[in-house]
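Counted from 1, the sequence shown has number 115 at position 68 by the numbering used here; the numbering is strictly sequential. A virtual CB, placed ideally from N, CA and C, is assigned to each residue, including glycine. Here is the structure we will look at, set down as structure tokens.
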Amino acid sequence: MSLAVLSSRALFGLRVWPVQVEVHVGSGLPAFSIVGLPGAGVRESRERVRSALLSSGFEFPAGRITANLAPADLPKDSGRFDLPIALGVLLASGQVADARGLAPDVRHYVLAGELSLTGSIVPADAALAIALSVVRDDPQAVLIMAPAAAGAAARVPGLKVLAAGGLDEVVAHFAGQAGLPIATPARDEPVDEPPAPCLSDVRGQAAARRALELAAAGGHGLLMSGCPGVGKSMLARRLPGLLPPLSAEQALEVAAVHGLARSRLSLSRVPPFRAPHHGASMPALVGGGARPRPGEISLAHHGVLFLDELPEFGRQALEALREPLETGCVTVARAAGSCTFPARFQLVAAMNPCPCGWFGHPHPRRECRCSREAVARYRARISGPLLDRIDLHVGLGAEAAWLDAPPGEASAPIRERVRAARDRQLTRQGCLNADLDGAALDRHGAPDAEGQALLLRAAAAWGWSARAVRRAQRVARTLADLDGGDRVEAVHMAQAIQYRPDADA
Numbered sequence: 048m049s050l051a052v053l054s055s056r057a058l059f060g061l062r063v064w065p066v067q068v069e070v071h072v073g074s075g076l077p078a079f080s081i082v083g084l085p086g087a088g089v090r091e092s093r094e095r096v097r098s099a100l101l102s103s104g105f106e107f108p109a110g111r112i113t114a115n116l117a118p119a120d121l122p123k124d125s126g127r128f129d130l131p132i133a134l135g136v137l138l139a140s141g142q143v144a145d146a147r148g149l150a151p152d153v154r155h156y157v158l159a160g161e162l163s164l165t166g167s168i169v170p171a172d173a174a175l176a177i178a179l180s181v182v183r184d185d186p187q188a189v190l191i192m193a194p195a196a197a198g199a200a201a202r203v204p205g206l207k208v209l210a211a212g213g214l215d216e217v218v219a220h221f222a223g224q225a226g227l228p229i230a231t232p233a234r235d236e237p238v239d240e241p242p243a244p245c246l247s248d249v250r251g252q253a254a255a256r257r258a259l260e261l262a263a264a265g266g267h268g269l270l271m272s273g274c275p276g277v278g279k280s281m282l283a284r285r286l287p288g289l290l291p292p293l294s295a296e297q298a299l300e301v302a303a304v305h306g307l308a309r310s311r312l313s314l315s316r317v318p319p320f321r322a323p324h325h326g327a328s329m330p331a332l333v334g335g336g337a338r339p340r341p342g343e344i345s346l347a348h349h350g351v352l353f354l355d356e357l358p359e360f361g362r363q364a365l366e367a368l369r370e371p372l373e374t375g376c377v378t379v380a381r382a383a384g385s386c387t388f389p390a391r392f393q394l395v396a397a398m399n400p401c402p403c404g405w406f407g408h409p410h411p412r413r414e415c416r417c418s419r420e421a422v423a424r425y426r427a428r429i430s431g432p433l434l435d436r437i438d439l440h441v442g443l444g445a446e447a448a449w450l451d452a453p454p455g456e457a458s459a460p461i462r463e464r465v466r467a468a469r470d471r472q473l474t475r476q477g478c479l480n481a482d483l484d485g486a487a488l489d490r491h492g493a494p495d496a497e498g499q500a501l502l503l504r505a506a507a508a509w510g511w512s513a514r515a516v517r518r519a520q521r522v523a524r525t526l527a528d529l530d531g532g533d534r535v536e537a538v539h540m541a542q543a544i545q546y547r548p549d550a551d552a
């Protein structure tokens, strides 16, 4: 046999593409060529494959070897093609045969793994993303990876994954000499993480606490404004403690995204919490690079993105958040192609009312020194369309007697109310209220006659856009769910209106 065809996967962003690895061994002057738009990491496979074959006790064919990675117009990088190329060389040169002396059937196998010079297999990047793609494309396929990567891939339900520590083990498996072990789902190693901060640490700020519970119950975005030290960051960091744990499917999605950025190796049911510095660039927030990588909004998928000092972020970076807030995903376009990353995150932001932080908040020893023009310029750093996409706007005032206030309600009972409200939403409409739109919002979130009249008057008084009206309806629906009501009433709509920025003007 002078030609072998195997299957592997190429990765572009979070998109995984099937790749056929075709290896031909022919006569002629010794040469080893890899074609099919290989990147630098793939071109280096020639030296790794040669050394791995010799170190594993196999012969390297003294002829012309050509490895084609099809389709040829798809960019390919990373060392995950080492294993299929090496096995292809052995199959094409006749060094691997089953007990009957025939070439083994490799049609339903998918191989991904980098080879060391000794022939051992190094875990491939993005094992979860590859596994999710394989089980979606061919539920009968068998995936072969290094043990560490195989354990991660085995977490995907319905996929058979084999763990191979070296090239010689893979050859023995296909030769029928010793089968590869079936990988078991990896167990997360215990991590000494501090317990989630409790909301009882926040004294006072009853209105902000209520808004935080409302945001958690419906998945709404939240913007808190107030002078320095009133507890904005403290409140925001306690939001993850109010959220229910991720489902198994959500945890897999989060782990797959974090696997691309190599920022998380464990599968966790805890919603991610990301808090980038305000100096973060637009690619750092939304993703980018020559080989697109997920940004902070994708790393916060199914979790919380906290932007402290919101006006200090670059205007371009903030404006890039507008589409993901609406669609729940972000598309990064490059010359080689475009890739889409999931970005269904919950935005929580905090800001001061002015550059010095004391505008509108009288203090016995501190007063605002900013001119009205400076205040206007500061607030204008956040565009109206972005503010329009944030459901809840809350102002926090300085409370002089907060030291004498008793501890607030703990996170645990609030988390139970949030869970009950979310269960009600998922049972009724299949999604959180923040994701309701169109006919579904009209069907499940329409207020009663008095509430509808109140909403229309508010929209006319402040010139609300259709988006602002819809967002007020969603917040009112969540308020009704927290109260256990089946219908949105006028009292819920009145409260929802108070969370719009114009209502505070």
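Contacts around residue i, its chain only, beta-carbon distance under 8 Å, and the 5 residues preceding and following it disregarded
i, result
"E91", "G126"
"G205", "V182 and P186"
"R362", "R428 and S430"
"A421", "C401 and P402"
Identity of the residues DSSP links to residue i by a beta bridge
i, result
"N115", "E69 and V82"
"I429", "I429 pairs with nothing; no bridge assigned."
"L443", "G273"
"R62", "F59"
"R471", "None; R471 has no bridge partner."
"Q499", "For Q499, which the question treats as bridged, DSSP gives no partner whatsoever."
"G213", "S167"
"C376", "P389"
"M192", "A210"
"V351", "F320 and Q393"
Alpha-carbon to alpha-carbon, residue j and residue i
i, j, result
"A302", "A150", "37 Å"
"D565", "V317", "The structure shown does not extend to residue 565, since the chain is modelled only from 48 to 552, so the question has no answer here."
"A195", "R490", "48 Å"
"I429", "D470", "34 Å"
"P237", "A543", "For P237, the predicted structure reports a pLDDT of 46, less than 50, and the residue's modelled location is therefore unreliable. A value from the coordinates is still provided. If you take the alpha carbons of P237 and A543, they lie about 42 Å apart."
"S512", "V203", "43 Å"
"D355", "A283", "9 Å"
"R424", "G510", "22 Å"
"R154", "E370", "42 Å"
"L100", "F107", "6 Å"
"L443", "A493", "30 Å"
"V217", "L179", "22 Å"
"A201", "M192", "10 Å"
"A171", "G498", "56 Å"
"A114", "S98", "17 Å"
"L76", "L365", "58 Å"
"A254", "P287", "18 Å"
"G213", "R147", "24 Å"
"G455", "M281", "13 Å"
"R285", "R95", "49 Å"
"Y546", "A519", "8 Å"
Contacting residues, own chain, Cβ-Cβ under 7 Å from residue i (five flanking each side not counted)
i, result
"G334", "R340, P341, G342, S345, V377, V379 and F388"
"R391", "H348, H349 and G375"
Spatial neighbours of residue i in its chain, beta-carbon cut-off 6 Å, leaving aside the 5 residues before and after
i, result
"G268", "L394, I437 and D438"
"T165", "S102"
"G407", "P400"
"A230", "A197, G198, A201, V208 and A210"
Short Cβ contact (7 Å threshold) for residue i with residue j
i, j, result
"V66", "A57", "yes"
"A441", "A295", "The sequence given here has Val at residue 441, not Ala. Taking 7 Å as the Cβ cut-off, V441 and A295 do not qualify as a contacting pair."
"L227", "I461", "no"
"G83", "L116", "yes"
"V189", "G135", "no"
"L314", "A298", "yes"
"F320", "G278", "no"
"T525", "L352", "no"
"A457", "C245", "yes"
"P548", "L434", "yes"
"R521", "A467", "no"
"I177", "A159", "yes"
"G104", "S74", "no"
"A541", "V535", "no"
"R250", "A452", "yes"
"L555", "D124", "Look at the range of the chain in this structure, 48 to 552, and you will see that residue 555 is not part of it."
"G223", "D145", "yes"
"V538", "A264", "no"
"P367", "M329", "Note that residue 367 is Ala in the sequence shown, not Pro. Yes, the pair counts as a contact, with Cβ atoms nearer than the cut-off."
"V72", "A139", "yes"
"V516", "A506", "yes"
"L270", "A396", "yes"
Contact with chain B by residue i, beta-carbon distance below 7 Å
i, result
"G342", "The structure shown contains no chain B; it is built from a single protein chain."
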